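These protein sequence lines map, in sequence, to chains W and D. If you count by my numbering, then the first sequence holds residues 1 to 311, one letter each, in order. If you count by my numbering, then the second sequence holds residues 1001 to 1064, one letter each, in order. Quick notes on the structure that follows.
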Amino acid sequence: MDAGTGRQEPPRCSACGEPAVFFERRTSRHLCRAHFMGGVEHRVAGTITGRRMIVEGDRVAVALSGGKDSTALLMILSRVLPSIADVPLVAITVDEGIRGYREETIRSADRLARRLGIEHRRIPFTEVFGDTLDAILKGRETRSCSICGILRKKALSDGARAAGATKLATGHNLDDEAQSVLMNVLRGDLPRLARVSSADSSGQFIPRIKPLMYIAEKEVAAYLLLCDAWQDLPECPYAQHALRREARSMLSALEYHHPGTMLRLMESKEKIERACAGSVFAGPLRPCPQCGDPCSGELCQFCELRRSLGC
Amino acid sequence: MKLILPDRKERVIVTGPVPLDQLLLAEGINPLEVIASRNGVLITEDTMVGDDDEIRVIRIAHGG
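Set out below in structure tokens:
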């Protein structure tokens, strides 16, 4: 206890003894600001180099929504990339047209790209699909997340291609990835479980990379707070996807009581990928016969969606 | 202590020193879904907090 204030002293950093700002439950280590931030950046750099996500000669498009994950991704990439490879970054913001939500995050994305001196391109849904997401979803609100996800993916792919990018980086974090694995198990979707997430598209498509895939959502939030970059932005009004919400809540509780659960789930997926390599479940992506985008079925998800919407 | 919850509601709680995570769990909050600061400084979930503290709890918005 501090004798002057009577306040309980915070735990101390396991590495240097400074006041700790983060407790890494999986390793039971306390970390000060410098060791926490350095550790996150080191792990992201390790993910990038270990999985050969980015190499010399690349031009990396970063999907920048202006929310916490993409903000952290762009900040961390701008810090760690110079020591990995001399590659230019271009930020791409998709403006779905979600009234009362998107305006604020787009302003935030603009400010960040300007501050970091990174080229920034904005892609409105109205230009790519002829209408806003709000208009497209009228009467289809129960499918909002799946429809939006497919359209955003398409807009990002087109934007990355137009920007001359060789890689498209997204801000998916460990929680997102573990939730997807659990959801694919719950849906019995073996092809998605078996597909290698870092699949090389052999030059046919722009590969998507997820440099934050081993960084927990709480670490992302703490990193931003410690950089004075945290913004209390609203959550998407369409974020009502029942299964993901339940998977998130379930995994979060499991992770609290059994630290390391999410990482072990990711390791399980990697084992499944290896075990299924070369099998019919893990076939390579091929160009969609209608639009040329990556596709594992008869049509890509975007062309399937267009067919189901009758447009 | 003054506890500022994610919905910005404020509560005054009288308690002896207690680990932050126990306080959060008692409020029905999973400590992994929030970050917390004491008088503006980020603190770990096992920090002991007491009556003189102002604790702000920020919910981590998903997505983005």
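Think of the CB as a built atom: it goes at the ideal place given N, C-alpha and C, for glycine as much as any other residue. Keep in mind the model is a prediction, meaning the values are calculated, not measured.
Open item on the list: In this structure, how does DSSP classify residue 296 (chain W) when only helix, strand and coil are distinguished?
Closed with: coil
TODO: Pick out whichever of W:296, W:18, W:11, W:287 has its Cα sitting closest to the Cα of residue 1019 (chain D).
DONE: W:11
TODO: Please confirm whether residue 211 (chain W) and residue 73 (chain W) have their CB atoms less than 8 Å apart.
DONE: yes
TODO: Let me know if residue 9 (chain W) comes out buried or exposed under the rule of 16 or more other beta-carbons within 10 Å of its beta-carbon.
DONE: exposed
Open item on the list: Please report the straight-line C-alpha distance between residue 209 (chain W) and residue 163 (chain W), rounded to a whole angstrom.
Closed with: 16 Å
Open item on the list: Taking beta-carbon pairs under 7 Å, can you tell me which members of the stretch 23-36 of chain W lie near chain D?
Closed with: 23, 30
Open item on the list: Suppose contacts are defined by Cβ-Cβ distances below 8 Å. Is residue 265 (chain W) in contact with residue 181 (chain W) by that definition?
Closed with: yes
Open item on the list: At 3 residues or longer, what runs of the beta strand (DSSP E) sit wholly inside the stretch 20-46 of chain W?
Closed with: 22-24, 29-31
Open item on the list: As a quick exercise: from W:288, W:22, W:25, W:35, pick the residue whose alpha carbon is nearest that of residue 15 (chain W).
Closed with: W:35
Open item on the list: Using a Cβ-based criterion (distance less than 7 Å to any ligand heavy atom), does residue 168 (chain W) qualify as near the ligand NAP?
Closed with: The ligand content of the structure shown is nil, which means the ligand NAP is not present either.
TODO: Tell me, please, whether the CB atom of residue 1026 (chain D) is closer than 8 Å to any CB atom in chain W?
DONE: no
Open item on the list: Against chain W, does residue 1036 (chain D) count as a neighbour if the rule is that its beta carbon must be under 8 Å from one of theirs?
Closed with: no
TODO: Sort W:299, W:68, W:173, W:19 by Cα distance to residue 1042 (chain D) and report the nearest one.
DONE: W:19
Open item on the list: Checking the sheet assignment: what are the DSSP bridge partners for residue 1043 (chain D)?
Closed with: D:1036
TODO: Would you be able to state if there are at least three C-beta pairs under 8 Å between the stretch 110-122 of chain W and the stretch 44-56 of chain W?
DONE: no
- [ ] Name, going along the chain, the residues of the stretch 1002-1029 of chain D whose beta-carbon falls closer than 7 Å to a beta-carbon of chain W.
- [x] 1017
Task: Distance between beta carbons of residue 1054 (chain D) and residue 1002 (chain D), contact taken as under 8 Å - done: 4 Å
Open item on the list: Give me the chain W residues within the contact set of residue 1033 (chain D), using Cβ-Cβ distance strictly less than 7 Å, ordered along the chain.
Closed with: 252
Task: Partner residues on chain W for residue 1054 (chain D), Cβ-Cβ distance less than 7 Å - done: None at all; the shortest Cβ gap to chain W is about 11 Å.
- [ ] Note down, in chain order, each residue of its chain lying with its Cβ closer than 6 Å to the Cβ of residue 113 (chain W), except the 5 sequence neighbours on either side.
- [x] 91, 120
Task: Listed by chain order, chain D residues near residue 237 (chain W) by CB distance under 9 Å - done: What residue 237 (chain W) touches in chain D: nothing, since even the nearest Cβ is about 11 Å away.
Open item on the list: In whole angstroms, give me the CA-to-CA distance for residue 83 (chain W) and residue 228 (chain W).
Closed with: 24 Å
Open item on the list: So, at 8 Å on beta carbons, what are the nonlocal neighbours of residue 76 (chain W) in its own chain, with the 5 sequence-adjacent residues on each side left out?
Closed with: 40, 41, 44, 211, 212, 223
Task: Pick from W:126, W:107, W:262 that is closest to residue 174 (chain W), judged by C-alpha positions - done: W:262
Task: Cβ-based burial, residue 219 (chain W) [other Cβ within 10 Å; buried from 16] - done: buried
- [ ] Could you tell me which chain D residues have their CB closer than 7 Å to the CB of residue 11 (chain W), listed as they occur along the chain?
- [x] 1044, 1046, 1047
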